[in-house]
Amino acid sequence: MPAMESEPSDLVPRDLAAELLALSRAQGAEFGEIYAERAVVTAFSLEEKRIRSSQYSLLQGVGVRAIRGEQTGYAYADGFDPEDLREAARVAARIAREGPPGGPPRAFAVVDAPPPFVLREPFALALDETRKVELLRRADEAARAHDARVHEVSAGLADSAKRFVVANSDGLWAEERQYLARLTVTAFATEGDVRQQGYATGGGSVEASYFERQRPPEQIAREAAALAVLQLRAEEPEAGTYPVVVGPGWGGVLVHECFGHGMEGDVIRKQSSIRATQQGQLVAARGVTIVDSGTVPHSRGSYRVDDEGTPAQRTVLVEDGVLVGYLWDLLNARLTGQRPTGNGRRASFRDFPLCRMSNTFIAAGQHAPADLVASVPRGLYCKNLGGGSVNPADGNFSFQVTEAWRIEGGRLVAPVRNATLTGNGNDAMLKIDGVGDDLAIEGSTGSCGKDGQWKAVGVGQPTVRFTAMTVGGTRT
Amino acid sequence: MSAPAARGEPFGPARLLALGEEAVGRARRAGAAHAEACLESLRAFTVRVNAGAIESLKQSATHGLGLRVLVGGAQGFVSTTDLAPESLDDLARHAVALARFSTSDEANAFPTPAEAGEDPRPDLSLVDPAILALPAERKIEMALTLERAAVGYDPRIQRTDGATLATRDGHAAIVNSNGVTRASSATTVSASVMPLADEGGGKQQTGWYGMVKCRLDQLADVEAIAREAARRAVARLGARRVPTARVPVVLAPEIAAAWIGEMFEAFSGQAHLKRTSWLTDRLGQTIASSLVTLVDDGTLPRAVGSEPFDGEGMPTQRNVLVDHGRFAAILYDHYHARRAGTRSTGSAVRSYASTPDIGAHNFYLEAGTESPEAILAKVDHGFYMDDQGSYGFNPTTGDYSYQAQGFWVERGVKAYPVEGVTVASNSLDMLARVAALGSDLEFLGSIASPTLLISEMTLSGE
Chain B
2 MPAMESEPSD LVPRDLAAEL LALSRAQGAE FGEIYAERAV VTAFSLEEKR
52 IRSSQYSLLQ GVGVRAIRGE QTGYAYADGF DPEDLREAAR VAARIAREGP
102 PGGPPRAFAV VDAPPPFVLR EPFALALDET RKVELLRRAD EAARAHDARV
152 HEVSAGLADS AKRFVVANSD GLWAEERQYL ARLTVTAFAT EGDVRQQGYA
202 TGGGSVEASY FERQRPPEQI AREAAALAVL QLRAEEPEAG TYPVVVGPGW
252 GGVLVHECFG HGMEGDVIRK QSSIRATQQG QLVAARGVTI VDSGTVPHSR
302 GSYRVDDEGT PAQRTVLVED GVLVGYLWDL LNARLTGQRP TGNGRRASFR
352 DFPLCRMSNT FIAAGQHAPA DLVASVPRGL YCKNLGGGSV NPADGNFSFQ
402 VTEAWRIEGG RLVAPVRNAT LTGNGNDAML KIDGVGDDLA IEGSTGSCGK
452 DGQWKAVGVG QPTVRFTAMT VGGTRT
Chain Z
9 MSAPAARGEP FGPARLLALG EEAVGRARRA GAAHAEACLE SLRAFTVRVN
59 AGAIESLKQS ATHGLGLRVL VGGAQGFVST TDLAPESLDD LARHAVALAR
109 FSTSDEANAF PTPAEAGEDP RPDLSLVDPA ILALPAERKI EMALTLERAA
159 VGYDPRIQRT DGATLATRDG HAAIVNSNGV TRASSATTVS ASVMPLADEG
209 GGKQQTGWYG MVKCRLDQLA DVEAIAREAA RRAVARLGAR RVPTARVPVV
259 LAPEIAAAWI GEMFEAFSGQ AHLKRTSWLT DRLGQTIASS LVTLVDDGTL
309 PRAVGSEPFD GEGMPTQRNV LVDHGRFAAI LYDHYHARRA GTRSTGSAVR
359 SYASTPDIGA HNFYLEAGTE SPEAILAKVD HGFYMDDQGS YGFNPTTGDY
409 SYQAQGFWVE RGVKAYPVEG VTVASNSLDM LARVAALGSD LEFLGSIASP
459 TLLISEMTLS GE
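Heads up: the protein sequence lines correspond to chains B and Z, in order.
Sequence positions in the first sequence follow my numbering and run 2 to 477.
Sequence positions in the second sequence follow my numbering and run 9 to 470.
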């Protein structure tokens with residue numbers, strides 16, 4: 002496969018970038034930006050003990066954005082043909098239909114930001130295909146060997162290597178390289194008439210040795226297999242509203258959905274989020290601190306600069322229950338007089354940036370995790386969650402729970418299948434009555450969808466207890 | 009404003025087919041025993057309006073190629089947006105090199121002309137010249153009207169989360185080394201709006217309504233779309249919770265359609281070969297109320313889920329999956345059909361950037377005879393569900409558990425709006441308990457259902 006040896010700046014020469022930026026502002030736009038990208042994805046999938054497919058894909062091109070006031074014009078071209086790029090710039094420029102040309106951009110100054118972590122040998126570049134396929138075979142064998150009731154296994158390994166350059170009419174020039182890898186395993190178990198599945202994953206922005214040293218495929222496979230087998234004897238969840246304890250790590254998807262989305266600069270500026278007027282107010286229980294940070298080592302949600310060239314940073318959203326900060330991209334920061342926080346992100350050059358979270362988590366608290374469960378007379382312990390969603394305008398959120406246990410008398414007494422958690426984000430963070438000291442950030446799995454754009458994110462939390470949440474189920 | 013003049017030769021069907029032949033030829037010369045090219049080109053325009061002004065305007069013209077090769081019975085796949093002839097050789101070599109990492113499998117094959125049948129197929133009227141001719145100014149005006157009408161519906165609606173109008177027109181081609189060559193074209197137009205109704209105290213309720221259509225004259229008047237979205241938002245004001253109970257649940261058409269969509273995988277040949285579906289071993293059995301007839305049809309004229317041939321060049325067809333309650337058919341692409349010793353149902357779905365997967369075309373529950381009001385009238389105490397969270401279905405077990413919004417139903421009428429609850433059951437149980445089916449089947453996208461009454465589900469609340 003082609004190595005990514007050349008520099009991001011090779012994608013578009015500076016003189017062409019300057020010309021495109023001038024074209025993007027030729028009809029009165031105040032701000033112009035180009036984003037040139039080349040992304041290579043390699044993927045292997047295993048089904049029914051066969052390597053079903055070996056894939057390679059290349060996505061490359063340039064997007065041009067023009068902004069006038071609150072209005073965005075966007076066009077892009079696949080590839081780097083200068084004439085296609087000029088046409089894209091002219092189309093984007095039309096958002097501003099009257100007004101004098103904006104003139105040439107300011108002289109470019111290269112954004113200098115430290116990498117959030119050092120990647121010596123990125124998995125996506127260093128490992129050859131034979132060894133990647135071997136990881137899948139090892140996962141398949143380990144899942145099947147774990148328990149005779151595991152009758153089928155699906156596994157996939159995908160890695161991506163991407164470089165981009167972003168330049169704007171304010172003179173910004175930023176270059177970035179990003180490398181991701183992810184190994185996923187789904188195990189299917191059956192016993193009599195009962196069928197269940199379990200899913201586990203590993204990866205992130207990781208070194209070539211990651212799946213050897215930190216998280217071997219056998220470990221991921223055994224987690225998936227153990228979950229599938231556990232679900233075979235899981236009971237139906239009890240419907241109702243009662244105490245819920247959510248385990249560390251991926252449980253942070255809860256704070257991402259039911260709080261984080263309402264803190265993004267676009268919904269704050271447009272005042273469609275209830276959080277827009279709550280600066281300085283108590284929005285979460287005392288003792289709860291919520292952070293978004295683009296600098297978590299090796300997470301999928303981390304980056305040196307965001308997709309607008311702003312360096313990633315750590316932003317405290319809630320400090321001891323009080324709302325202290327929002328997330329900002331360039332457009333929404335400029336319109337509200339705020340400072341960008343490095344949260345302008347886009348799925349690819351085919352999309353304009355949106356204000357997005359990076360790695361969002363609840364900071365560690367004081368409680369021993371075991372104590373948080375031990376003090377619940379009757380409730381649900383959610384060891385792991387699946388997908389979740391929120392409607393930021395009305396606050397209604399829900400999550401699928403992939404591994405749950407019924408709590409009786411402070412003890413985990415029985416596994417529970419297919420529970421759903423629901424509530425309203427407006428008050429969910431106020432219902433926290435205990436934060437554990439076991440913070441974990443899950444940076445190998447998450448993808449967040451917004452306005453049709455999917456983007457890698459990290460989420461995290463320590464063990465967190467909620468006084469009450471509505472649990473969907475069939476037992477009454 | 010007008011569309012940009014295309015540079016050089018446009019990526020129409022003829023050019024896509026020529027590029028496909030070229031790619032397949034190069035793959036064969038690079039050592040592939042068999043090769044298949046899938047090509048797409050797409051022009052898209054999206055305008056989003058907020059607070060009475062354009063928020064964003066996006067225009068694009070894209071094209072891409074996916075190249076699948078078989079070497080010694082093993083499959084390699086590459087995709088790219090770089091269609092330069094000099095790049096195609098590199099691409100072909102990559103595909104051949106990748107194939108040696110895959111497992112040799114005698115079921116791997118591409119359709120032959122005999123299997124793919126006659127071409128051309130009957131015209132499905134999927135291209136609307138009126139969409140192609142719609143000027144950008146008109147699209148912007150439609151989006152502005154859509155938002156204005158939503159805000160004007162009721163004084164409690166002061167803003168929206170945005171109104172969107174989008175058009176797409178695209179071409180697709182399949183060329184394989186057995187001699188199958190197919191090309192098709194389609195257009196779509198879509199409109200949607202999400203009004204926000206003020207509840208007081210910073211809380212608001214949302215209503216969403218929208219649709220995607222093949223032809224401009226199928227799209228509802230934008231003011232009618234706005235009224236329906238606004239009506240939904242206002243109707244939710246004052247929503248409250250209700251106690252946990254087992255009750256009859258009426259699924260609004262979009263909620264029933266979402267459930268149907270989640271069930272699709274249970275009808276896929278891959279899930280049956282892997283024995284990972286909750287319908288495994290149930291083919292031929294009664295799995296649903298006799299009211300239920302479930303169809304996947306890629307041949308409906310003027311429907312957004314239609315195409316004359318599938319992602320491997322096989323003709324699409326009408327597949328009846330559940331016939332009056334009986335599990336009647338499983339869906340296959342070419343590979344899984346060969347594994348199962350049957351023929352493809354024309355169900356290979358893909359984009360140029362992916363290998364074929366078994367997927368839905370127009371997937372729907374056939375309409376019944378009762379009006380939605382008559383169905384509601386059957387419910388003494390129960391729940392009418394018309395909004396849901398995004399996640400809540402388990403494809404292995406068929407378990408169903410969603411966050412829900414809707415209305416409490418008392419003596420056959422909607423008494424008050426409800427939020428903060430979940431609705432749960434299992435799909436087999438729900439299918440058996442379908443007690444009434446509405447006459448109100450309407451395609452807002454490619455998956456559709458009429459109003460459904462499920463005689464009992466568990467509502468989780470206070």
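Glycine included, every Cβ here is placed at the ideal spot set by N, Cα and C.
Predicted model only: the values in this text are computed from it and were never measured.
Within 9 Å of chain B by C-beta, residues of the region 394 to 428 of chain Z in sequence order: D395, Q396, G397, S398, Y399, G400, F401, N402, P403, T404, T405, D407, Y408, S409, Y410, Q411, A412, Q413, E427, G428
Contacts of V57/Z in chain B (Cβ-Cβ under 7 Å): What V57/Z touches in chain B: nothing, since even the nearest Cβ is about 10 Å away.
L24/B and R87/B closer than 8 Å at C-beta: yes
Environment of Q1/B [buried if 16+ CB atoms lie within 10 Å]: In the structure displayed, chain B extends from 2 to 477; residue 1/B sits before or after that span and is not available.
For L204/Z, three-class secondary structure by DSSP: strand
Nonlocal neighbours in the same chain, by C-beta distance under 6 Å from V325/B, ignoring five residues either side: V317
Limits of the unbroken alpha helix (DSSP H) element including R270/B: 266 to 270
Bridge partner(s) assigned by DSSP for C356/B: G345/B
Cβ-based neighbour list, R53/B, same chain, cut-off 7 Å, excluding 5 preceding and 5 following: S46, L47
Candidates G210/Z, A38/Z, N116/Z, of which the one nearest D98/Z by Cα: A38/Z
V57/Z beta carbon less than 8 Å from that of I152/Z: Rather than Ile, the amino acid found at residue 152/Z in this sequence is Leu. In contact: L152/Z and V57/Z (Cβ atoms closer than 8 Å).
Contact set between V86/Z and chain B, taken where Cβ atoms lie within less than 9 Å: Q56, Y57, S58, L59
Rounded Cβ spacing between A168/B and I35/B (contact assumed at less than 8 Å): 5 Å
Of the residues S200/Z, G125/Z, G313/Z, F391/Z, the one placed nearest E464/Z, counting alpha carbons only: F391/Z
Delimiting residues of the alpha helix (DSSP H) encompassing C259/B: 254 to 259
Test: H71/Z CB closer than 8 Å to a CB of chain B: yes
Beta-carbon proximity check, V63/B vs A235/B, cutoff 8 Å: no
CB-CB length for I165/Z against V242/Z, believed under 8 Å: 7 Å
Delimiting residues of the alpha helix (DSSP H) encompassing L137/B: 130 to 147
Simplified DSSP state of K282/Z, which is helix, strand or coil: helix
Runs of beta strand (DSSP E) wholly within the region 282 to 314 of chain B (minimum 3 residues, chain order): 291 to 294
Interface flag, Q166/Z vs chain B, CB-CB below 8 Å: no
Buried versus exposed call for D428/B [16 or more other C-beta atoms within 10 Å across all chains shown]: exposed
Extent of the continuous beta strand (DSSP E) run through E404/B: 397 to 409
With 16 other Cβ atoms within 10 Å as the buried cut-off, status of K50/B: exposed
Within-8 Å CB hit, R418/B to chain Z: yes
Cα-Cα separation, G261/B to V289/B: 14 Å
Reduced DSSP secondary structure (H/G/I, E/B, other) of N370/Z: strand
Continuous alpha helix (DSSP H) stretch holding T464/B: start and end: Segment: none, T464/B is in no alpha helix (DSSP H) and carries neither H nor E.
6 Å CB neighbourhood of K384/B in its chain, flanking five on each side removed: G248, E404
For D169/Z, three-class secondary structure by DSSP: strand
Sequence ranges, beta strand (DSSP E) only - wholly within the region 367 to 396 of chain B, length at least 3: 379 to 391
Minimum Cβ-Cβ distance from D304/Z to chain B less than 8 Å: no
Helix, strand or coil at W216/Z [DSSP, three-state]: coil
Rounded C-alpha distance that separates A40/Z from L228/B: 41 Å
Against chain Z: residues of the region 192 to 206 of chain B by CB proximity under 9 Å: V195, R196, Q197, Q198
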